[in-house]
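Working notes for the structure below.
Protein chains: 2
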Amino acid sequence: MPTPQQAQVWVIDHYLEDGLDGSELRLERRPLPELSEGDVLIKTRLLSLDASNLLWLSPKKDYLEQLQIGDPMRGQIIGRIEASRHPDWAEGDHVFSLQTWADYVVCSGDALNNDAISFKLSPHPEIPLDAYVGTLGVTGWSAYVGLHHIGKIGSGKRVLISGAAGATGIMAAQIAKAAGAKVYGLAGGEKKCQLLMDKLKLDGAIDYKATTDLKGEIERVIPDGVEIFFDNVGGEILDAVLPTMSIGGCIVASGSVSQYGKGEQYGIKNLPLVTTRRLRMEGFLILDYLDQVPTILQEMETWFLEGKLINQNQLIHGLEKAQSALSILATGGNTGKLAVYIDGDS
Amino acid sequence: MPTPQQAQVWVIDHYLEDGLDGSELRLERRPLPELSEGDVLIKTRLLSLDASNLLWLSPKKDYLEQLQIGDPMRGQIIGRIEASRHPDWAEGDHVFSLQTWADYVVCSGDALNNDAISFKLSPHPEIPLDAYVGTLGVTGWSAYVGLHHIGKIGSGKRVLISGAAGATGIMAAQIAKAAGAKVYGLAGGEKKCQLLMDKLKLDGAIDYKATTDLKGEIERVIPDGVEIFFDNVGGEILDAVLPTMSIGGCIVASGSVSQYGKGEQYGIKNLPLVTTRRLRMEGFLILDYLDQVPTILQEMETWFLEGKLINQNQLIHGLEKAQSALSILATGGNTGKLAVYIDGDS
């Protein structure tokens, strides 16, 4: 296939300030270079929507290099190689990579080989492609690493998950159940809580929006205390959970999605309990565990085919919907993993 | 010696509210029971003043059972056995124990044997007794456990200590130096900083009271980032240190002395950095490590005799000064470990 001469690219118009205003990104046509020796042409099939997208749209420097105004938006994608001038990559290969949000991307095959975040994907024929950005994607690996490597989960442990109906939370819930833990979820709204109870068969779900005393509600549902708190949310919810932790408990600091892009950050008042309750609070980024992904992925594909992991993606169709998908993510309107699916098999 | 019929006892008059008002305790004469079979009479020689004393005077339940209004104040003491009706304890023995603040205490020898916090002390003849509540006391063991067991200190590590001129901080500073680390201290006031530089030979000291940009000041002094933060203080200082932590750094949550007894707790805003910087924040209480104290103490007595640990106690003479000693502790007016020394060898 000849290289298209232009790509549609989502470009950063301005950073978000106190929440998204829906115009942070604009879709532009930009010229696509000819393939030089060693290059590949990727046709984007899926954009994975993650909390890190919001982080990159924030004016604060956090991890990886900051994006500038006018830069293309960055994100995890799955693409198919449409043309290749690199010996390691062939037309029809699939690639999982950190790329720009665009319909076509030209990049160096060596860059794909050398980048820890990029690898060749061999999707299982019985598994839909979008599962590899959902259940079998970064959020699944993150949940696995957070629960097993950081939380040292074991059978019978009392595990509480915040944002339990969100992308990483829904994976943490399933992986924790698979480990034989007693699993409880925090989520906003009755519908999400029903999902947790009916579909994921959790041991308890608390609608944090329906209570004015979240701490008391957690103590009622988990009277023996939380042993592992898998926290995706931070802020006020973390502050309410801290006094419900068991002595020696672990807080897996997976993220603070409630605080990204917020001007004034919420101040955590109950942190002295880390000392008196002998808690361990530990952060991690999946970036540091990418060498373990092949092993994790193999194990998780088996679970998937055995029906132990549910593919609970919310697919938004069409590249032009990426900004509105981001707004859904920012307001927590999604149940499960959000992804933008770009149709058009060639 | 016949049992005295009365003891002077510090009794809780009221809890502290927003800082000490200096009348939380009152000194009362209370009857002292006759020694029954199995009892010992302890003459108190030293009261150790610790952050936990302030914690116990707070209305919040934290660890160990709460003290009630009218109860005797609790604290670590060193006493001498004056009379014994227990086969394991003899007149002249020394005991390190969690007891009430009083000149004489009658208690069961079995209780001393069974209580993890109490043990027989064999003070080295060349080491002054008060060293065993200071350099060789709980604060020393805490600093040791915090740096070695929690912080996994090693040679060359960049270690920052808050409250570095305080009881535990001054020990952490010395033990970190002994481990070959690069050691920096935060303290309030020029005098304390001079002590850290001149006497303890730290690699840097920052007077947090003399700067309006603590974060910037730490970044200037430790441009490569803090690898281990030994935090005794919590609150605003912890919030300023968080953005100066290296990726993968460890926060040893030794205490939050700035927050004890305060009505409104300071809210930590920079906690999302725990995730993005992959930090580990871990609390500990020396209570959980008491079985290791004999080993730690043996090692530390050797260091003491070799001059590697300085006995930097601030001794207040006389039981009747205990409340004012507590006020010094609460306002951070001490340099080094505070203890009340009760004279009168018999």
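The listed protein sequences correspond, in order, to chains U and P. Reminder that position 203 of the first sequence reads as 203 in the UniProt record's numbering, one-by-one numbering, no gaps. Reminder that position 173 of the second sequence reads as 173 in the UniProt record's numbering, one-by-one numbering, no gaps. The beta carbon of each residue, even a glycine, is placed where N, CA and C say it ideally should be.
Of all Cβ atoms in chain P, is any one closer than 9 Å to the Cβ of residue i?
i: Glu282/U; result: yes
i: Gln265/U; result: yes
i: Leu273/U; result: yes
i: Thr276/U; result: yes
i: Leu55/U; result: yes
i: Gly19/U; result: no
i: Asp239/U; result: yes
i: Gly234/U; result: yes
i: Ser256/U; result: yes
i: Ala253/U; result: yes
Where do the ends of the alpha helix (DSSP H) carrying residue i lie?
i: Gln194/U; result: 190-194
i: residue 368/P; result: This structure cannot settle anything about residue 368/P, because the visible part of chain P is limited to 1 through 346.
i: Trp141/P; result: 138-144
i: Val241/U; result: 235-241
i: Lys177/P; result: 167-178
i: Gly261/U; result: Segment: none, Gly261/U is in no alpha helix (DSSP H) and carries neither H nor E.
i: Leu200/U; result: Here Leu200/U belongs to no alpha helix (DSSP H), and DSSP marks it neither H nor E.
i: Leu55/U; result: 51-56
i: Leu329/P; result: 322-331
For chain U, is any of its Cβ atoms less than 9 Å away from the one on residue i?
i: Arg74/P; result: no
i: Asn270/P; result: yes
i: Ala330/P; result: no
i: Gln292/P; result: no
i: Gly318/P; result: no
i: residue 421/P; result: Because chain P is modelled from 1 through 346, residue 421/P falls outside the range shown and cannot be assessed.
i: Asp288/P; result: yes
i: Tyr144/P; result: no
i: Ala172/P; result: no
i: Leu147/P; result: no
Anyone know if the C-beta pair for residue i and residue j falls short of 9 Å?
i: Arg278/U; j: Gly283/P; result: yes
i: Thr275/P; j: Leu285/U; result: yes
i: Gly185/P; j: Ile206/P; result: yes
i: Gln323/U; j: Leu25/U; result: yes
i: Asp115/U; j: Ser97/U; result: yes
i: Lys337/U; j: Thr211/U; result: no
i: Leu202/U; j: Ala173/U; result: yes
i: Ile268/U; j: Lys269/P; result: yes
i: Pro272/U; j: Gly234/P; result: yes
i: Leu54/P; j: Gly261/P; result: yes
i: Met73/P; j: Trp141/P; result: no
i: Ala339/P; j: Leu57/P; result: no
i: Gly244/P; j: Lys199/P; result: The question names Gly, but residue 244/P in the sequence shown is Thr. No, these two residues do not count as a Cβ contact at 9 Å.
i: Asp130/U; j: Asn313/U; result: yes
i: Val40/P; j: Leu112/P; result: yes
i: Met281/P; j: Met281/U; result: yes
Quick check on the DSSP output: the beta strand (DSSP E) that includes residue i runs from which residue to which?
i: Glu227/P; result: 226-231
i: Gln314/U; result: 314-317
i: Phe304/U; result: Phe304/U -> not in any beta strand (DSSP E); alpha helix (DSSP H) instead, spanning 293-305.
i: Gly185/P; result: 182-187
i: Val159/P; result: 158-161
i: Gln99/U; result: 94-100
Who pairs with residue i in a beta bridge, going by DSSP?
i: Pro31/P; result: Gln6/P
i: residue 364/P; result: Outside the modelled stretch of chain P, which goes from 1 to 346, sits residue 364/P, for which no answer is possible.
i: Ala83/U; result: Leu41/U
i: Glu282/U; result: Val252/U, Arg280/P
i: Val106/P; result: Leu41/P
i: His14/U; result: His14/U is not bridged to any residue.
i: Met245/U; result: Val226/U
i: Pro72/P; result: Val11/P
i: Ser122/P; result: Answer by DSSP bridge pairing: none, since Ser122/P is not bridged.
I need the straight-line Cα distance from residue i to residue j, nearest angstrom please.
i: Leu319/P; j: Gly163/P; result: 26 Å
i: Ile81/U; j: Val133/U; result: 17 Å
i: Glu217/P; j: Gly151/P; result: 23 Å
i: Phe230/U; j: Ile175/P; result: 34 Å
i: Pro87/P; j: Asp21/P; result: 44 Å
i: Ile153/P; j: Tyr15/P; result: 38 Å
i: Ile310/P; j: Lys43/P; result: 27 Å
i: Ser346/P; j: Pro128/P; result: Because the pLDDT of Ser346/P is 41, which lies under 50, any placement of that residue in the model is unreliable, and the number read from its coordinates should be weighed accordingly. Distance between the alpha carbons of Ser346/P and Pro128/P is about 17 Å.
i: Gly204/P; j: Gly225/U; result: 42 Å
i: Gly19/U; j: Asp213/P; result: 28 Å
i: Thr168/P; j: Trp101/U; result: 52 Å
i: Pro4/U; j: Leu290/U; result: 32 Å
i: Tyr208/P; j: Leu195/P; result: 15 Å
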